[in-house]
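First up is the structure itself, then whatever we jot down about it.
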Amino acid sequence: MPQRKPVTDSKRATAPAVSAATLRDTVFRISRAEFFNQAEIRYGPDSQQWKFRCPACGHVATVADYMKFGDAGARMAAFSCIGRLETPATDAFSGKKGPCNYAGGGLFQLNPIYVEYPADPRLSLGPRTVRHFGFADDPLAVGSVPKELKA
Ligand SMILES: [Zn+2]
-2 MPQRKPVTDS KRATAPAVSA ATLRDTVFRI SRAEFFNQAE IRYGPDSQQW
48 KFRCPACGHV ATVADYMKFG DAGARMAAFS CIGRLETPAT DAFSGKKGPC
98 NYAGGGLFQL NPIYVEYPAD PRLSLGPRTV RHFGFADDPL AVGSVPKELK
148 A
């Protein structure tokens, strides 16, 4: 029986590493204004009709769906699966049909769109990045070109 050679540290060092630059390039960054414009292009100006897909289970929900459950400020829309509000929800990583209990602020942050928000002095918030779900239709993706912005 041939003996397997142990993997040496020098061989491990030749394996390609994922750099911070690579990780940065695998997410889609967009300004809040562009993100909202892209939503309007897909679904119209009524933000309650905007549709987002949960990155864990694929369930599609509108902002209005979240508001039905008392999310008046739509804080969870495009951030956590509506299964967090609806019951029963499946486990986010069970592979079962959603909606699920995925939360964008949890350990596994799958939300693919990085939306750059400007400072909001009314809320005492500085500029910040919030990770959102992708659109249900024609999702933005790395390498894609956003649809022409409205004039
Ligand atoms: Zn889900």
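All residue numbers for the sequence shown refer to our numbering, where the first residue is -2 and numbers rise by one. Beta carbons: idealized from backbone N, C-alpha and C, even for Gly.
Rounded to whole angstroms, what's the CA-CA distance from residue i to residue j? Just pull it up for me.
| i | j | result |
| --- | --- | --- |
| Leu104 | Gly80 | 17 Å |
| Arg50 | Thr126 | 19 Å |
| Tyr99 | Gln35 | 24 Å |
| Leu146 | Arg39 | Because Leu146 sits at a pLDDT of 48, beneath the cut-off of 50, its placement in the model cannot be relied upon, and the following sentence gives the value as read from the coordinates. Roughly 11 Å between the two C-alpha positions. |
| Ser28 | Tyr114 | 6 Å |
| Cys78 | Cys54 | 8 Å |
| Val57 | Gly95 | 9 Å |
| Lys93 | Thr87 | 7 Å |
| Pro42 | Phe33 | 9 Å |
| Leu137 | Phe66 | 27 Å |
| Asp195 | Pro124 | This structure cannot settle anything about residue 195, because the visible part of the chain is limited to -2 through 148. |
| Ser121 | Pro109 | 26 Å |
| Glu83 | Pro118 | 33 Å |
| Asp68 | Glu37 | 21 Å |
| Ala71 | Ser91 | 26 Å |
| Ala116 | Cys97 | 32 Å |
| Pro85 | Met73 | 17 Å |
Which residues mark the beginning and the end of the beta strand (DSSP E) in which residue i is found?
| i | result |
| --- | --- |
| Glu37 | First-last for Glu37: 29 to 40, but that is the alpha helix (DSSP H), not the beta strand (DSSP E). |
| Val127 | 125 to 129 |
| Val112 | 110 to 114 |
| Lys48 | 48 to 50 |
Alpha helix (DSSP H) containing residue i: first to last residue?
| i | result |
| --- | --- |
| Lys65 | 60 to 65 |
Taking residue i as the reference, give the member of the options with the closest Cα.
| i | options | result |
| --- | --- | --- |
| Ala30 | Ala89, Val112, Ser91 | Val112 |
| Leu107 | Leu137, His129, Arg119, Thr87 | His129 |
| Gly131 | Gly95, Phe76, Arg72, Leu82 | Phe76 |
| Ala89 | Ala71, Leu137, Pro52 | Pro52 |
Checklist line | Stretch pair the stretch 54 to 68 + the stretch 23 to 34: three plus CB contacts closer than 8 Å | finding: As far as the Cβ criterion goes, the stretch 54 to 68 does not touch the stretch 23 to 34, which means the pair count is below three.
Note to self: Any contact between the stretch 101 to 115 and the stretch 40 to 47? By contact I mean 3 or more CB pairs, one from each, below 8 Å.
What the structure shows: Contact between the stretch 101 to 115 and the stretch 40 to 47 is absent, because fewer than three Cβ pairs lie under 8 Å.
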